[in-house]
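Each remark here refers to the structure printed beneath this line.
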Amino acid sequence: MVIADGAAFGPEMDRVLQLVQTRKNLALYLPESFEWLILSSGILKDAETTQILQTPSGYIDSKEYFSWERYFTALLIEKAAGTYLNYTKKTLNEAYLRDGVKNAILGQMQKVELK
1 MVIADGAAFG PEMDRVLQLV QTRKNLALYL PESFEWLILS SGILKDAETT
51 QILQTPSGYI DSKEYFSWER YFTALLIEKA AGTYLNYTKK TLNEAYLRDG
101 VKNAILGQMQ KVELK
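Each residue of the sequence shown is one higher than the one before, counting from 1 in UniProt numbering.
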């Protein structure tokens with residue numbers, strides 16, 4: 001299985017797509033961004049975030065954010081600040097690797113069975 005940040009994966013898409021087409025046991029999962037996947041998991045339990053995720057285009061100002069990935073990164077940093085889920089792009093907080101949090105995030109990967 002290949003899980004990649006869809007927003008950042010463009011340059012590698014052709015090579016990996018060729019692998020996916022030639023191998024039966026290979027799956028490709030490309031969420032909007034890793035930060036979007038975390039926000040979508042519901043671990044922050046934030047009503048405003050849920051609302052934003054339902055209609056992101058109503059909240060993302062293209063003058064301020066070059067991409068949706070940057071918006072979702074800023075949103076996650078803001079919403080997780082001061083909590084045990086504090087987020088930075090530089091280093092993944094170990095809280096995201098704990099079973100409950102990790103399973104909530106993996107649960108957002110619809111139609112993907114992990115065995």
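In this text, a Cβ means the ideal position worked out from N, Cα and C, and glycines have one as well.
Check: Stretch pair the region 41-61 + the region 71-91: three plus CB contacts closer than 8 Å; Outcome: yes
Check: Sheet register partners of Tyr29 (DSSP bridge); Outcome: Ile3
Check: Length of the line joining the Cα atoms of Pro11 and Gly100; Outcome: 33 Å
Check: Option in Phe34, Asn103, Arg98 with minimal Cα separation from Ile77; Outcome: Phe34
Check: Residue environment, residue 130, which counts as buried when at least 16 other CB atoms sit within 10 Å; Outcome: The structure shown does not extend to residue 130, since the chain spans only 1 to 115, so no value can be given for it.
Check: Delimiting residues of the alpha helix (DSSP H) encompassing Ala81; Outcome: Run containing Ala81: none; DSSP gives neither H nor E here.
Check: Beta-carbon proximity list for Ile105, same chain, < 8 Å, skipping 5 on both sides; Outcome: Leu37, Ile38, Ser41, Ile43, Tyr96
Check: Inter-residue Cα distance where the pair is Leu28 and Asn103; Outcome: 19 Å
Check: Buried versus exposed, by CB contacts within 10 Å (16 or more), Ala47; Outcome: exposed
Check: Val16 to Lys24 span [Cα, whole Å]; Outcome: 13 Å
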